[in-house]
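Below: the structure, in structure tokens.
Numbering (my numbering), first residue to last: 608 to 745.
This is the structure:
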């Protein structure tokens with residue numbers, strides 16, 4: 608019998624912060640990661656909200672996914688701010704954007720991003736990247 612349980616999976620037990628100003632994308636990211644395994648996904652609609660979640664969190668996040676273009680604090684500025692926070696200097700941060708120009712990829716990289724995914728993104732690539740970041744910790 609096929610077990611369709613989401614209690615175990617390649618990213619089971621991970622804690623991921625997903626930040627995007629588009630509610631549909633936040634929901635999509637949450638559902639993809641939950642189907643991949645028992646992932647604790649926290650979501651924020653913008654950079655300032657994400658920083659508040661990070662500051663008030665009792666348990667650190669294992670990986671983060673940030674949209675680049677958001678009102679207020681964009682994903683690049685958020686990435687820089689997170690890299691300066693205690694305990695997050697090496698946490699995998701993946702940038703998500705519809706922008707494919709080299710300039711955006713370079714800016715994300717210089718801000719400390721671990722990787723770059725373009726919208727529309729492949730759910731399996733997202734899972735593979737988050738899964739790889741979990742394996743890097745061990």
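A virtual CB, placed ideally from N, CA and C, is assigned to each residue, including glycine.
For residue j and residue i, believed in contact at Cβ under 8 Å, the rounded distance
i           : j           : result
residue 702 : residue 688 : So it is not a contact: roughly 14 Å between Cβ atoms.
residue 714 : residue 683 : 5 Å
residue 636 : residue 672 : 6 Å
residue 747 : residue 623 : The chain is shown only over 608 to 745; residue 747 falls outside these bounds and no answer can be derived.
Residue burial classification, residue i (beta-carbon count within 10 angstroms, cutoff 16)
i           : result
residue 694 : exposed
residue 631 : exposed
residue 677 : buried
residue 681 : buried
N- and C-terminal bounds of the alpha helix (DSSP H) containing residue i
i           : result
residue 684 : 682-690
residue 637 : 630-643
Beta strand (DSSP E) segment containing residue i, residue limits
i           : result
residue 622 : 622-626
residue 717 : Here residue 717 belongs to no beta strand (DSSP E); instead the alpha helix (DSSP H) covers 709-718.
residue 723 : 722-725
Three-state secondary structure assigned by DSSP to residue i
i           : result
residue 668 : coil
residue 652 : coil
residue 663 : helix
residue 702 : strand
Residues of its chain near residue i, where Cβ-Cβ distance is below 6 Å and the 5 sequence neighbours each way are ignored
i           : result
residue 667 : 694
8 Å Cβ shell around residue i - same chain, five flanking residues per side excluded
i           : result
residue 707 : 725
residue 732 : 724
residue 728 : 703
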